[in-house]
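Right, one structure below, let's go through it.
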Amino acid sequence: IVRRMTVAGVPQDICERYVALLKRFLGAKLNKIDFENELRKLLPPDKIRTHNQIIKWILVSAQNRKHGVSQLPVLIPAKDKKAQPPSRKPTTPARAG
854 IVRRMTVAGV
864 PQDICERYVA
874 LLKRFLGAKL
884 NKIDFENELR
894 KLLPPDKIRT
904 HNQIIKWILV
914 SAQNRKHGVS
924 QLPVLIPAKD
934 KKAQPPSRKP
944 TTPARAG
């Protein structure tokens, strides 16, 4: 993502802030309206198209990932998987009869 932004002429520090903003949005820590407002403050108007292309690339990659394409960038680190108790199967009430 940073490479795509820098190729488009966005300075490195803005690229890093963009990725942090995108992580917050994709991690559901920022709603769409706030994300768009922050994005408009961060990126020059002529770079919004690059942002739209990146979002499209992420969505297409995510859709294709189920078919074996693993181009989707890792934006959110995986959480440590601790041992979890086995899930319970839902119980059905006994029939009166």
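By the working numbering, the letter at position 61 of the sequence shown is numbered 914, and the numbering carries on one by one without gaps.
Even for Gly, the Cβ is constructed at its ideal location relative to N, Cα and C.
- DSSP assignment within the segment 867–928 yields the following whole alpha helix (DSSP H) runs of 4 residues or more, N-terminal first: 885–895 and 901–918.
- Taking the C-beta atoms as reference points, Arg870 is found no nearer than 7 Å to Ile907.
- Contact annotation: the segment 860–870 touches the segment 896–903, with at least three C-beta pairs closer than 8 Å.
- Note on geometry: alpha-carbon atoms of Leu874 and Val913 lie some 20 Å from one another.
- Linking His904 to Val855 through their CA atoms gives a straight-line distance of about 11 Å.
- In the three-state reduction of the DSSP assignment, Val860 falls in the helix class, which pools H, G and I.
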